[in-house]
Amino acid sequence: MKSVASGRYVPRTASALCMAALVAASAGFCQEPTRTPSGRITLCVADIHDNTYTVPAENSGRLSIFGCRNGSFSGKVLAVCDGSVRALSASVTDLVLEGPGRQTVFIKKENISVRYAVEWDGGIPQKWGGIKGPDILLESPLPEFPASADGKAVVPVWVTVRVPKDAPAGVYAGHLAVAAEGSPPVTVPVAVSVSDWTLPDPQDYRVWIEVIQQPDTLAAEYGLPLWSERHWQMIGKSLRLISATGSRVVYIPLICRTNYGNEQSMVRWVKRSDGTYAYDYSVMERYLDCVTANLGTPKIVAFIVWENHLALPKQPAASPVEIKGAPGSWEWRETTFARALQERAGKGPFVTVYDPETKTVDPVILPRYDDPAAKDLWKPLWEGVRKRMSAAGLEKAMMLAQVSDKRPAKEEVAFWNEISGGLPWVSCSHNPIWPPGSAQATGHLYGIGTVGYAAVALSHFFNLNPEKGRYYGWQDPLLRVQYWRFGWFNSNPLSTIRHEAEANITGMQRGVGHIGGDFWPCFKNAAGKRTGTVTDRFPESYWHSLDVGSWLLAPGPDGPVATARLEVFREGVQECEARIAVERVLTDADLRAKLGGELAARAQSLLDERLKSIWKSRGAGDADFEKYGLVDYRTYGYDIAEAWKKTRQEGHSWFLASEWDRRAAALFSLAGEVEKAIGR
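Structure follows, in structure tokens:
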């Protein structure tokens, strides 16, 4: 690695030592099982939020799924067998609309996916929240599912139905057939109830969701060269999986070695013979094309130009930091971080430089932004970026990144304010740049720079009891969302994950953000345990608890796949859109008048009861509703949530037995009824 200023190679650093402690290996789902004879398969309907292998004592005998038009909805059966299961297969017929004369209306099987849930190979350490139970949804079955210690094999089989936009309301019926070696096909009826309401396209969702795609994870997990054709195929698959959540935020690193784990910058600096640079935008352009084709039109394209390691130390270190502790331990991470920061102190950003003569790329250190030489280097690059963004119709989506608990110095903010033409910044921090309810929208950074989007860990407001007041975070003009740290989306019950977006938009947040898509730990140790993420390669860029600590995708044998957590979260986001469709009418006096008193009252009652059910699923009781209305993060985090640790499992069990799917169906039907009443 060369420094532009010195022309010297940068020696092995704390970053290199950190990387040496992470041993890469590919995913391995197919450990050799203990073979036991296979028996006949039986099928039991189970709740998608129950991520155990528990076979229900009572079996409904029918897989019932409730949804609406233009959405995706899942159900689950357990394939149970005495002995291991080999050559498992499952398929669903076309679903036929029930009723006289309606047998020619279908949800075709091409709109139905069948997946097989398995656990994470090697497990997930608790520092990332741990992920329990069968979470990964494989698109093809394993050659063999081994029996557990009790001699039985239990395979969760997920059925996900994508309801067409033009599907008539009603019940669609068919069946699921499951077969395996030594067992004839076993069937279970499938019934999909479609409410008379059409979900908006994810591109038009009002709830704000940010799920971040990470190209480097895919390259590391599967041993692929960055930007190879196979790598691009996997990036596209990852973006398609994320798309259904409504997330439309993407990051373009213009510098290397950031907290998001990118090894290279997406714009390459091409060495000229006279020592100047040309700029190669091909990776950036293809990534944006891939985003548009697979994710949708992005609403924020954040160009990463600043990172924590660029902050100047308050005072020079007296001596080199000693790295302590066992690799992977908290002490080791903290001392490695401190050592890496010490080594980077006072240096400028890394960028990827391409040498046409050797046809190699290397990370090179540029002058700091407060160096007079920086402007001539970055101004022409940025002009090329803006020109391409304008041609793609994405100029209005441009922002700068990344502000965290550490922020660029005033001179650095001024530099990028001039270079970019005053673009706003993206922020992820413990505390907000602006207070909730603030009308201020400019000058958050030294009176120069503006924060346009903020994910915040410690300033959320939740509303437990709507009878004490109602709040509509989704209406807030300032784009501020909740960020949950410490592997929150990995560790919580699926019932909690389902409702997280709705819990925020009924409080004072626009939604949730800073969630990883494919940010799983892709490096393993010799024992096969997952030990590190791509971010861990660059400890100088740690944000500590603000690092992306959760992810909703998983490594399949041939590329990224969905998880149970992604599917329940996606369904919860869809329910947010139905809620917003109703609330936008209830909060508009002219539109509300069109409903009439009875429908307006019924709509409000359903929404209020629904909000209480969200908190009940987390452990709330009547005493909580009596005591609390709107609560701040300290009250929620230190008093309420702490007390709910004792009742959380009880709340989750209540939810599983509460006919939650009927509540969702009632919400969708209400949204349709309300929209008809106002003439939509």
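Take 55 as the starting number for the sequence shown in this note's numbering and just add one per residue.
Beta carbons are placed, not taken as given, at the ideal position from N, Cα and C, and that holds for glycine.
Just so it is clear, the structure is predicted and the values come from calculations on it, not from any experiment.
Q) Based on the DSSP secondary-structure assignment, which residues constitute the bridge partners of Tyr-305? A) Ala-356
Q: Return the Cβ separation of Ser-114 and Pro-195 in integer angstroms, given the expectation that the two are a contact with Cβ distance under 8 Å.
A: Not quite, the Cβ-Cβ distance comes to about 24 Å (not below 8 Å), so this is no contact.
Q: Verify the contact flag: Pro-218, CB atom, against every heavy atom of the ligand MN, threshold strictly below 7 Å.
A: Among the components modelled here there is no ligand, and therefore nothing to report on the ligand MN.
Q. Shortest alpha-carbon distance to Tyr-692 belongs to which of Leu-660, Gly-570, Pro-575, Ser-513?
A. Ser-513
Q: Go through its chain and collect everything with a Cβ distance to Ala-332's Cβ below 7 Å, but skip five positions before and after it.
A: Val-324, Arg-326
Q | Alpha-carbon spacing of Gln-318 relative to Tyr-341, whole angstroms | A | 13 Å
(Q) Could you give the first and the last residue of the continuous beta strand (DSSP E) run that contains Leu-151? (A) 149-151
**Q.** With 16 other Cβ atoms within 10 Å as the buried cut-off, status of Ala-635
**A.** buried
**Q.** Cα-Cα separation between Val-480 and Leu-151, rounded to whole angstroms
**A.** 47 Å
Q. In angstroms, rounded to a whole number, what distance separates the CA positions of Ile-309 and Gly-315?
A. 11 Å
Q. Below 8 Å, can you find three or more Cβ-Cβ pairs linking the stretch 118-132 to the stretch 208-219?
A. yes
(Q) Using the Cβ count rule (16 or more neighbours within 10 Å means buried), how would you classify Thr-617? (A) buried
Q. So, is the C-beta of Leu-142 closer than 8 Å to a C-beta in chain D?
A. You won't find chain D in this structure, because it holds only one protein chain.
Q: Using beta-carbon positions only, say whether Ala-608 and Ile-263 come within less than 8 Å of one another.
A: no
Q: Go ahead and label Pro-421 buried or exposed: buried means 16 or more other beta carbons lie within 10 angstroms of its beta carbon, across all protein chains shown.
A: buried
(Q) Starting from Cys-122, trace the beta strand (DSSP E) in both directions and tell me its first and last residue. (A) 117-123
Q: Tell me where the beta strand (DSSP E) around Lys-130 begins and ends.
A: 126-136
(Q) Can you tell me where the beta strand (DSSP E) holding Lys-429 begins and where it ends? (A) Premise fails: Lys-429 lies in the alpha helix (DSSP H), 428-445, not in any beta strand (DSSP E).
**Q.** Three-state secondary structure assigned by DSSP to Ile-266
**A.** strand
Q. Are the Cβ atoms of Val-131 and Leu-230 separated by less than 8 Å?
A. yes
**Q.** Check whether Thr-589 and Asn-362 have beta carbons under 8 Å apart
**A.** no
(Q) For His-229, list the residues DSSP reports as bridge partners. (A) Pro-243
(Q) Less than 8 Å between the C-beta atoms of Asp-136 and Lys-206, yes or no? (A) yes
Q) So, using beta-carbon positions, are Ile-569 and Phe-543 closer together than 8 Å? A) yes
Q | Of the listed residues Glu-629, Gly-300, Ile-306, Gln-396, nearest to Gly-350 (C-alpha basis) | A | Gly-300
Q. Considering only residues of the same chain and omitting the five flanking positions on each side of Leu-518, which have a CB-CB separation below 7 Å?
A. Trp-669, Ala-674, Asp-678, Phe-679, Tyr-682, Gly-683, Val-685
**Q.** Pairwise C-alpha distance: Trp-574 and Pro-462
**A.** 28 Å
Q | Sub-8 Å separation of Arg-534 and Gln-563 beta-carbons | A | yes
Q: Answer with buried or exposed for Val-109, where buried requires no fewer than 16 other C-beta atoms within 10 angstroms of its C-beta.
A: exposed
Q) Okay, do the stretch 651-663 and the stretch 463-477 touch, 3+ Cβ pairs below 8 Å being the bar? A) no
(Q) To the nearest angstrom, how far is the alpha carbon of Cys-482 from that of Gln-456? (A) 8 Å
Q. Which residues share a DSSP beta bridge with Val-208?
A. Val-134
Q) Distance, Cα to Cα, Gly-400 vs Pro-410? A) 30 Å
Q) Would Ala-221 be called buried (16 or more neighbouring beta carbons within 10 Å of its own) or exposed? A) buried
Q: Tell me the start and end of each unbroken beta strand (DSSP E) in the stretch 493-527 that is at least 3 residues and wholly inside, in chain order.
A: 505-510
Q.
Quick check: the Cα distance between Ser-249 and Ala-711, rounded to an integer number of angstroms?
A. 22 Å
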